[in-house]
Each structure stands twice: as structure tokens, then as C-alpha cells.
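For reference, the structure discussed in these notes is given below.
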Amino acid sequence: MSMSGGSDDGEPMMEMNTTPLIDVMLVLLIMFIITIPVATHAVNIDLPAPQPPTNVPPPKHDKNKVSITPSNEITWNNTVITDGQLVSLLQETIKIKPEPELQFQPDPSAPYDTAAKVLNIIKGSGVSAFGFVGNEQFATFGKAPGAPAASN
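Sequential numbering from 9 applies to the sequence shown in my numbering.
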């Protein structure tokens, strides 16, 4: 590109300075690109209605216990259930007045991801009477053999 410096004869320069115009246009272009919403493509699928659980013991009216076995099974009052059955049982217990206490007791060698998944299901169900059972079994979790006991 060439640039004219003008002449010294005192005549005004006749060319328009387009640099500020180009700068403003670039800033506006960047602003429009930033503010464009991300295109999302949704595919709506009609899923079949869930079947009611079968062979599941009804919830007790005083307290129920959810456990996780080392073999990655979820149990409700010592009966093995699935995730869907757990959701429906929790919905039934919420309807009971007063709401029965739900006790959660995973086995020490149960997989953590299953315990986290079950806790998310319980949290999402809206259960208000909830407690952890047997936390004392985890009091020495992670301590090396022969490590000094914590002083209270």
C-alpha cells in the first residue's frame, strides 16, 4: 500500500481516512460473532412409560434401609432392587405421613460411584427424613497400619 503525505501547497487532502471506519467495523463484527447464540439441535423422543416394579417389598412406616453391597447391588430392606425401583419406592415413602426415616448404609468395600449415584437419586426424590448409618466403621478410613490414633 502506498501512502500519500500530501503536498505543501496548502490544499486540503481530498482522500477520506478509512482506518477508523475499518476499526469500528471489525469491532462490530466481533461483537456480533460473540453474541450469536449457539445452535442447538434437539431431537424429541417419546419414551415408553415405566412399568411398575414387581416383587418389591412395600415401604415400612417407621424406617427403611438402603444399602449397597460390595458386588454393586442396591438393596431396600435387604431385598435387591434396581435404580428405577428405588425411585418408585422413594416416591411411595414421601406420601406416607409421617414420612419414614430412610437409612443409608453402604458396605465399606462398595463402589463409590454406585454410592454417589444412589445419593443423587435420594436427593432428587425430596426425602426429608434421611440419615447415614454405621459411619463409625469409616473412622479409620485411610489411616496407615500402625499410625498413631487421633487425639480428641
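For glycine and all other residues, C-beta sits at the position ideal for the given N, C-alpha and C.
Between THR77 and ALA118, the beta carbon gap of about 6 Å places them in contact (Cβ cut-off 8 Å).
For ILE82, the enclosing beta strand (DSSP E) stretches over residues 82-84. THR101 counts as buried, since no fewer than 16 other beta carbons sit within 10 angstroms of its beta carbon. Here DSSP, grouped into helix, strand and coil, assigns GLN59 to coil.
Taking 8 Å as the cut-off, the Cβ atoms of GLN99 and ASN72 do not count as close.
Counting the other CB atoms within 10 Å of its CB gives ILE89 a total of 16 or more, which places it among the buried residues. The Cβ atoms of ASP91 and ILE129 sit closer than 8 Å to each other. Counting along the chain, the unbroken alpha helix (DSSP H) around ILE38 starts and ends at 27-43. Apart from the 5 residues on each side of it in sequence, ALA124 has no Cβ closer than 7 Å to any other Cβ in its chain. Judged by DSSP in its simplified three-state form, GLU100 adopts helix. When the alpha-carbon of SER96 is set against those of PHE40, ASN63, LEU37, the nearest one is in ASN63.
Assigned with DSSP and collapsed to three states, ASN52 falls in coil, not helix or strand.
By the neighbour-count criterion, in which 16 or more other beta carbons inside 10 Å mark a residue as buried, VAL32 falls on the exposed side.
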